[in-house]
Amino acid sequence: MKEKTRRKILEVAASLFAQYGFHKTSMDEIARVARKAKGSLYYHFTSKEELFTEVVSQEFEKLKAELVKIVESDKLNPIEKTTSFLLKRNQMLATSPNYHETLKADLYERFEFLDTLRKKHDEWEKGQMEKILNEGIEKGYYRDMGDVKIILDVFYMILKGLEIPFFIQKQYIALRPHLKGMVGIMLRGIAASPEKLLG
-7 MKEKTRRKIL EVAASLFAQY GFHKTSMDEI ARVARKAKGS LYYHFTSKEE
43 LFTEVVSQEF EKLKAELVKI VESDKLNPIE KTTSFLLKRN QMLATSPNYH
93 ETLKADLYER FEFLDTLRKK HDEWEKGQME KILNEGIEKG YYRDMGDVKI
143 ILDVFYMILK GLEIPFFIQK QYIALRPHLK GMVGIMLRGI AASPEKLLG
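Under the working numbering, think of the first position of the sequence shown as -7, with each following residue one higher.
See below:
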């Protein structure tokens, strides 16, 4: 029963935060729409910040579940994995409205209470990409250019730099047909040969 109540609160909170934003959504409104006593909310979540953190965490968990399938696939070569990983990441984040809320906050006032969660997720993503790149080097799909972490940092700067125009300035839909080509350009610099890139 307690878990069912918690899930209901999270479901309602996710919807309201996505619709109205963090600041314009109150715990009173979440309790009203969820048809729960306000005390029930505070039993499960000590603050609105904790509740919002859990909502964003759930979006991250959905993203991770999809990305892990790509990383662990034995049907894709490393270049296909890299391409699929980057495309799937953007596709999933495009439908993660509460993550978009954190990006808006970055432009005006940071949600410092989310810093730890976001840092952990960023490190997790980099770790998965590192697995793919190392596999690619071992199998001869990518050139060995020394420290893989430097390549990862460059990739990640590009990814993070695209998030504001994609998800806040609403350019993702228009640019989506061109993303595979953009990824191909990124990978051209590390591919062992043009033939490998073409598959």
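Don't be surprised by glycine CBs; every beta carbon is placed ideally from N, CA and C.
All figures in this text were calculated on a predicted structure; none of them were measured in a lab.
If we count the other Cβ atoms within 10 Å of its Cβ and call it buried at 16 or more, is residue i buried or exposed?
| i | result |
| --- | --- |
| Leu119 | The displayed chain sequence assigns Gly, not Leu, to residue 119. Burial call: exposed. |
| Glu101 | exposed |
| Val146 | exposed |
| Thr108 | exposed |
| Lys40 | buried |
| Leu59 | buried |
| Tyr164 | buried |
| Glu64 | exposed |
| Glu115 | exposed |
| Ile62 | buried |
| Glu117 | buried |
| Ala57 | exposed |
| His170 | exposed |
Within a Cβ cutoff of 8 Å, which residues of the same chain sit near residue i, ignoring the five residues on either side of it in sequence?
| i | result |
| --- | --- |
| Thr(-3) | Lys28, Ser32 and His36 |
| Leu189 | Ile71, Gly176, Leu179, Arg180 and Ala183 |
| Thr74 | Met121, Ile124, Leu125, Gly128, Val175 and Leu179 |
| Leu8 | Thr17, Glu21, Ile22 and Val25 |
| Ile192 | A question about residue 192 goes unanswered here, because the residues of the chain that appear run from -7 up to 191. |
| Leu99 | Ile156 and Ile160 |
| Leu154 | Asn82 |
Between which two residues does the alpha helix (DSSP H) containing residue i stretch?
| i | result |
| --- | --- |
| Pro180 | Per the sequence shown, residue 180 should be read as Arg rather than Pro. Here the alpha helix (DSSP H) through Arg180 covers Leu171 to Arg180. |
| Glu101 | Note, Glu101: premise wrong, no alpha helix (DSSP H); not H, not E. |
| Ala166 | Tyr164 to Leu167 |
| Tyr148 | Val140 to Glu155 |
Less than 6 Å between C-beta atoms, sequence neighbours within five positions excluded: which residues of the same chain meet that for residue i?
| i | result |
| --- | --- |
| His92 | Phe159 |
| Phe14 | Phe44 and Glu93 |
Can you list, in chain order, the residues of its chain with a C-beta nearer than 7 Å to that of residue i? Leave out the 5 residues immediately preceding and following it.
| i | result |
| --- | --- |
| Thr45 | Phe105, Leu106 and Leu109 |
| Val47 | Leu2, Ala5, Ala6, Phe9 and Asn90 |
| Arg168 | none |
- Message: I'd like to know if the stretch 45 to 61 and the stretch 82 to 91 are in contact, where contact means that at least 3 CB-CB pairs between them fall below 8 Å.
- Response: Judged by Cβ distances under 8 Å, the stretch 45 to 61 makes contact with the stretch 82 to 91, as three or more pairs qualify.
- Message: Quick check on the DSSP output: what are the complete beta strand (DSSP E) runs of length 3 or more inside the stretch 6 to 92, in order along the chain?
- Response: For the stretch 6 to 92, not a single whole beta strand (DSSP E) run of length 3 or above is found.
- Message: Tell me whether the stretch 62 to 80 and the stretch 20 to 27 touch, counting them as touching only if at least three CB pairs, one residue from each stretch, are closer than 8 Å.
- Response: Flag = no, the stretch 62 to 80 and the stretch 20 to 27 do not touch.
- Is it a yes or a no for the stretch 172 to 191 touching the stretch 129 to 144, going by three-plus beta-carbon pairs under 8 Å? Touching, yes.
- Message: Quick test of the definition: if touching needs 3 or more C-beta pairs under 8 Å, does the stretch 103 to 111 touch the stretch 139 to 152?
- Response: No, because fewer than three Cβ pairs between the stretch 103 to 111 and the stretch 139 to 152 fall closer than 8 Å, the two stretches do not touch.
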